[in-house]
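Participant:
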Amino acid sequence: MKTRTIRQTVLLPAPPGAVYRALAGSKGHSAFTSSTAKIPKRAGGRMTAYGGYISGKVLGLWPGMGLLQTWRTTEWPKGAPDSRLEIRLAPAGKGTRLTMIHSDVPASRADSLTSGWKAYYWAPLRRYLKRRSAK
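Numbering-wise, our numbering comes out as the position in the sequence shown, counting from 1, plus 258.
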């Protein structure tokens, strides 16, 4: 099966620790996506997001620095293995530079996911972080 790698970098208006908590914590993830997420606090556990549309296994958690997961959606082609999602966080002025490397994505899903990351993750995450910093 042909696969592709999606690479995206975004600047976010909060320090790396806040970005990490939003992405790697069930409560923060559920809040910024406005849908249920269950993310374990330790590597090795199963995770779900967007009410079960996304699932995978947490392979590594580095507070304030990033995370590593296996990852798939309910729309994955039959028989396709999980992809690999790596998120790296680095300070950038008063905010964070997030670098995402999503590899082993089935080629048939890559275009949809490329735009989906921007619309369903980075835009709502940015809004969520702005609201939290305004408080």
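Note that beta-carbon positions come from the ideal geometry of N, C-alpha and C, so glycine has one too.
Can you tell me which of the three DSSP states lysine 299 falls into?
Facilitator: In this structure, lysine 299 counts as coil in the three-state DSSP scheme.
Participant: Quick one: give me the first and last residue of the alpha helix (DSSP H) that serine 292 is part of.
Facilitator: Counting along the chain, serine 292 falls outside any alpha helix (DSSP H), and DSSP gives it neither H nor E.
Participant: Measure the Cβ-Cβ separation of proline 321 and proline 273 and say whether it is below 8 angstroms.
Facilitator: Not in contact: proline 321 and proline 273 (Cβ atoms no closer than 8 angstroms).
Participant: For lysine 285, which of Ser391, Ala392, Thr372 and Tyr386 has the nearest alpha-carbon?
Facilitator: Measuring from the Cα of lysine 285, the nearest candidate turns out to be Tyr386.
Participant: The beta strand (DSSP E) that contains aspartate 362, what's its start and end?
Facilitator: Looking at the DSSP string, the run of the beta strand (DSSP E) that includes aspartate 362 is 353-364.
Participant: Leaving out five residues on either side along the sequence, give the residues of the same chain with a beta carbon under 7 angstroms from the beta carbon of alanine 289.
Facilitator: So the qualifying residues of the chain are Tyr386.
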